[in-house]
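Enquirer:
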Amino acid sequence: MSRQRITPIQLFFLTLLYVYSGLSLSGADSLFALLVPFAATALWALVGMRGAGKHRDGLRGFLSAYMRREEAVLPHLFFLTVSAAQAVCQLFDTAEVLVREADFLSFASVVAVVLAASIVLCRLGMTALGRLSETVLLLLIPLVFLHAFGGYTPMDAFGVQADVHLLFSVLPAPVFFLLSLTVTAGDAEATDSLLASSRVPRDRARLLCGVVIGGAALAVVLRAFLLILPLGEHELLARFLEYISYVVKLALLLSLCTQGTAGLAMGARTVGAGLMALAAVITVASLGGALFSPGALLTVLVSTSAAAALVPVLFSIRPPKGNLP
Amino acid sequence: MRILTPYHRKKKGGAGVEREEIKRELSAIFSDMTDFAFRELYFEGNTITVAYLVGFCSRTYVNQYILEPISRAYTASGGKGLPPLESLITNIKLEPIDDVTSAATAILSGNAFVFSDTMRDILGLSVFTKNDDGRSPMEPETENVIRGPHEGFTESAEGNVVLLRRRLRSARLKRRSLTVGWDTSTDVSVLFMEGLAREEAVEEVCRRLRAIDTDSILDSGYIEIFLQDGCVPFYPTVGNSERPDKVAAKLMEGRIAIVVDGSPVVLTVPYLFCEAFQVTEDYAKSPWYASFVRLLRFAAYLMALYFPAFFVAAFVRHRGILPAFLTDAVDGARETLGFSLFWEVLIIFLIFETVREVGLRMPKAVGSAVGLVGSLILGDSAIKAGLTSAPVLVVVALAAVCSFIVPPYMNANMLYRLMMIVIGGALGFLGLFTAILISVAVLASRTSLGVPYLSPLAPLDPRGMKDFLCMAPLWAMRRMPVSLTGKRLIRTRSGRPNGKRGSGRS
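The listed protein sequences derive, respectively, from chains A and B.
The first sequence runs 195 to 519 under this note's numbering.
The second sequence runs 39 to 544 under this note's numbering.
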């Protein structure tokens with residue numbers, strides 16, 4: 195099996211970590227704040243159902259399910275640009291959270307450690323990342339078991355954290371990217387013995403959509419569970435789970451960006467790389483408050499990204515080709 | 039050296055001269071070897087010569103299978119001649135030889151090479167007379183069990199294959215043989231269950247074995263290095279065992295066994311991470327108890343890897359998260375010490391590993407004494423002398439003791455633990471989390487002969503999970519782990535005993 199394919203179970207765990215990372219980084223602590231990323235992920239999964247009907251070769255191939263391949267270049271480049279910005283945000287947010295714990299380290303060194311870990315994971319490939327996400331099961335079981343004995347803290351219905359930042363943590367591109375890499379039994383690429391021996395799903399798109407929604411739902415439930423039954427401030431297992439989710443999400447975004455440009459023509463690749471670099475610079479500058487206010491930039495990025503995600507849907511409502519019988 | 043073949047024999051006249059020529063060629067090959075010998079039987083018009091290595095070749099077998107039958111036949115014929123040697127020699131393993139190089143190889147394998155004046159179509163015959171005197175199967179010291187067979191492999195490859203065949207009386211147990219090493223010509227056998235082991239995996243093992251181009255293979259450990267996936271893997275991707283029952287069980291799961299002549303350790307591939315936590319004895323126990331013990335093993339394994347590192351990280355970098363009574367206790371014990379806690383842990387760790395290595399290499403009787411002196415007297419004296427503190431000694435010793443619970447990973451764990459201590463001391467929890475994440479990801483990306491190393495955990499195989507950290511009863515393991523066989527094969531047809539799903543249903 196190629197190093198860039200994932201199984202539906204891995205899709206579930208990667209979605210879980212992807213959503214959990216956003217919830218954790220943005221400090222979502224109210225029911226509304228928990229539901230917003232879940233709803234967004236579920237929406238992207240539903241939008242991506244058409245593309246998930248069969249196995250695709252990456253994000254660009256996924257978009258070609260909605261439009262002609264040459265038409266898909268622009269939305270593809272846009273998604274790459276936004277993902278680059280999201281990756282930079284993820285990196286700096288992670289470093290900001292971690293430096294609070296590791297106060298003996300400088301911000302730059304924490305950034306370097308997290309970035310190095312993500313690059314290593316990205317280089318190992320999406321299959322390794324998917325398998326790594328599956329091992330989280332070994333962490334979740336003792337974590338849930340321990341927290342079952344934690345103290346009870348009721349949650350608010352509406353907190354102050356439910357802002358655009360939460361939405362920015364679950365943009366459509368990574369969901370589409372994960373859907374495009376998933377291989378199920380019956381696909382030509384399912385050479386893995388585990389997949390080859392599984393049953394062919396009756397409706398592939400519905401299965402994968404359900405898996406993504408299930409993963410997002412579990413992330414929300416897990417976050418709520420850990421908030422309702424907290425163990426203490428310095429709970430190592432919970433910190434470790436958060437750390438894994440941060441790095442896995444960053445590695446996922448890096449993989450998206452690197453793979454997104456790998457299959458393009460030289461010109462498009464140069465433009466893509468340039469746009470991603472520009473997005474990264476703008477994001478760094480805005481996070482530092484040099485250019486725009488961070489909130490304004492995020493609002494712009496989230497709304498354009500959401501609009502771009504709906505473009506495929508509009509493209510998909512085109513009349514069928516050929517003559518009527 | 040000119041190679042003699044039947045063609046040369048036919049071409050030349052004078053059979054006696056030809057036999058003499060073969061003798062000369064063999065004498066040249068085995069020159070300066072006092073254990074090489076000829077035994078000649080002179081008959082009317084024919085001379086039979088037996089070439090062999092004294093000691094390596096059994097004298098009893100040579101007498102019993104070659105010399106006695108020939109003499110008896112000659113006497114019975116009344117001196118009128120001999121029937122063909124192939125029908126006289128009463129050994130079951132008889133092989134015609136066509137050239138001197140093959141004859142030399144046969145002799146070096148412990149066989150007797152028989153040739154005579156009257157042989158025309160072949161150069162001679164190789165007769166299996168290898169001295170199979172060796173130690174009898176004993177319980178291996180490295181893999182003790184309370185319940186189960188007390189029998190282990192020996193240094194004889196043939197004997198080891200017999201031990202496996204005795205357990206797996208099936209024609210599906212196939213064996214392929216090859217010779218590895220220019221000088222040692224070590225016999226290596228590949229055993230597998232047809233239909234269970236993946237055909238491409240068998241071919242890959244044979245390909246890797248054939249690709250070994252080295253002068254000597256003195257033990258199965260030499261083969262192991264060439265069979266590994268990756269250049270220098272940290273964790274082993276080739277398993278080994280001295281227990282026939284264990285290897286038989288692995289063969290029945292679709293694995294491949296490699297038996298090397300001269301080594302009591304049989305290799306098995308593919309080797310997965312989970313195997314280190316499985317013990318043959320588990321299957322003879324209650325699944326509840328077996329599951330508990332396996333979880334305990336896994337917890338001990340994690341403790342061996344990370345306990346000292348987290349101790350160092352917490353006390354050196356994150357003192358704020360520790361309760362006051364703990365910091366007070368450790369600080370109180372370390373009041374008079376000159377080293378920092380990081381260096382203290384590191385030094386005690388290195389001393390412990392040195393004592394362990396000395397205990398292993400010393401003769402048995404002295405080794406246990408060294409272990410006692412090292413662990414009790416040295417440790418106690420070091421605390422009294424103010425060279426180390428009791429908490430650190432407890433942490434390092436506990437981790438070291440825990441590492442023995444998973445013997446296959448003992449060496450890898452030692453290095454890994456050292457690395458973790460250094461990272462924990464330098465970068466605290468952030469460094470440890472990163473190191474754990476990367477090491478798990480690297481393990482997840484590895485394969486052993488095409489099978490994911492962390493299987494059945496990653497990729498998740500629900501059937502395989504029935505025999506991982508928690509163990510289901512044997513009747514519940516209805517199917518084989520898919521990752522190993524690549525097929526959906528039924529392992530047991532028996533249903534739950536005394537249950538609704540009666541026996542015989544699949």
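The C-beta atom is built at its ideal place from N, Cα and C for all residues, glycine as well.
#1: With H, G and I counted as helix, E and B as strand and the rest as coil, what does DSSP make of A/S499?
#2: Ordered along the chain, which non-local residues of its own chain (more than five positions away) have a Cβ less than 6 Å from that of B/A428?
#3: Would you please verify whether the beta carbon of A/G516 is less than 8 Å from any beta carbon of chain B?
#4: I'd like to know whether the C-beta of B/R47 is nearer than 8 Å to at least one C-beta of chain A.
#5: Is it true that the CB of B/M458 sits closer than 8 Å to the CB of B/A347?
#6: Hey, how far is the Cα of A/G242 from the Cα of A/K248?
#7: At 9 Å on the CB atoms, spell out the chain A contacts of B/G466, in chain order.
#8: Leaving out five residues before and five after A/G319 in sequence, what residues of the same chain have Cβ atoms less than 7 Å from its Cβ?
#9: Between which two residues does the beta strand (DSSP E) harbouring B/P134 extend?
#10: Let me make sure I understand the geometry here. Which of B/D221, B/V100 and B/A195 has the alpha-carbon closest to that of B/T143?
#11: Would A/L458 pass as a contact of A/G324 if the rule is Cβ separation under 8 Å?
#12: Mind checking A/P506: buried by the 16 CB within 10 Å criterion, or exposed?
#13: Measure the C-alpha to C-alpha separation of A/L334 and B/V200 and round it to an integer number of angstroms.
#14: Do the CB positions of B/Y103 and B/N129 come within less than 8 Å of each other?
#15: Can you list, in chain order, the residues of its chain whose CB lies under 7 Å from that of A/A367, leaving out five sequence neighbours each side?
#16: Answer yes or no: do B/L453 and B/I461 have a C-beta to C-beta separation smaller than 8 Å?
#17: What number of angstroms, rounded off, separates the C-alpha of B/P497 from the C-alpha of A/L331?
#18: Among B/G463, B/G300, B/Y80 and B/V350, which has the Cα closest to the Cα of B/E193?
#19: Tell me which residue opens and which closes the beta strand (DSSP E) that B/R9 is part of.
#20: Three-state secondary structure (DSSP) at B/R47?
#21: Please classify B/R399: is it buried, with 16 or more other beta-carbons within 10 angstroms of its beta-carbon, or exposed?
#22: From B/E262 to B/C269, what does the alpha carbon distance come to, in whole angstroms?
#23: List the residues of chain A whose Cβ lies closer than 9 Å to the Cβ of B/V480, in chain order.
#24: Starting from B/F230 and walking both ways along the beta strand (DSSP E), at which residues does that stretch end?
#25: For B/R531, would you say it is in contact with chain A, using Cβ-to-Cβ distances shorter than 8 Å as the test?
#26: Per DSSP, A/S363 forms a beta bridge with which residues?
#27: Step through the CB atoms of chain A and report whether any lies within less than 8 Å of the CB of B/R355.
#28: Using a beta-carbon distance below 8 Å, is A/I203 in contact with chain B?
#29: Give a yes or no on whether the C-beta atoms belonging to B/D136 and B/R57 are separated by under 8 Å.
#30: For A/L448, tell me which candidate among A/A302, A/A351, A/E290 and A/C283 has the shortest Cα-Cα distance.
#31: Only counting runs of 3 or more residues, tell me where the beta strand (DSSP E) segments fall wholly within the region 259-306 of chain A, in order along the chain.
#32: Measure the CB-CB distance between A/L315 and A/A445 and report whether it falls below 8 Å.
#33: So, for A/A239: in the same chain, excluding its five sequence neighbours on each side, which residues have a beta-carbon less than 7 Å away from its beta-carbon?
#34: Given a limit of 8 Å on CB to CB distance, which residues of the region 430-447 of chain A reach chain B?
#35: For B/P274, which residues does DSSP report across the bridge?
#36: Can you name the start and end residues of the beta strand (DSSP E) that B/Y491 belongs to?
Expert: Result, derived from the coordinates:
#1: helix
#2: A371 and I421
#3: At A/G516 the pLDDT is 47, less than 50, meaning the model places this residue with poor confidence and gives no usable figure here.
#4: Note that B/R47 scores 46 on pLDDT, short of 50, meaning its location in the model is unreliable; the coordinates nonetheless yield the value given after this. No, no contact with chain A.
#5: A contact, by the Cβ cut-off of 8 Å.
#6: 11 Å
#7: Those within 9 Å of B/G466 in chain A are E295, A296, F298 and L299.
#8: Within the same chain, R197 and Q198 come within 7 Å of A/G319 by CB-CB distance, once the 5 residues on both sides are set aside.
#9: Here the beta strand (DSSP E) through B/P134 covers L132 to I135.
#10: B/D221
#11: no
#12: The residue is buried, with at least 16 neighbouring Cβ atoms inside 10 Å.
#13: 46 Å
#14: yes
#15: Excluding positions up to five away in sequence, the list reads L253, F273, V276, S277 and L450.
#16: no
#17: 12 Å
#18: B/G300
#19: Look at the range of chain B in this structure, 39 to 544, and you will see that residue 9 of chain B is not part of it.
#20: In this prediction, B/R47 has a pLDDT of 46, which is less than 50 and means its spatial position is unreliable; what the coordinates show is noted afterwards. For B/R47, the three-state secondary structure derived from DSSP is helix.
#21: exposed
#22: 12 Å
#23: V314, L318 and A322
#24: T224 to M231
#25: Not one chain A Cβ lies under 8 Å of B/R531.
#26: Partner(s): none; A/S363 has no beta bridge.
#27: yes
#28: It does; some Cβ of chain B falls within 8 Å.
#29: no
#30: For the options A/A302, A/A351, A/E290 and A/C283, the alpha carbon positioned closest to that of A/L448 is the one of A/C283.
#31: none
#32: yes
#33: V369, C403, V406 and I407
#34: L430, R433, F434, Y437, I438 and V441
#35: Beta-bridge pairing links B/P274 to no other residue.
#36: Note, B/Y491: premise wrong, no beta strand (DSSP E); not H, not E.
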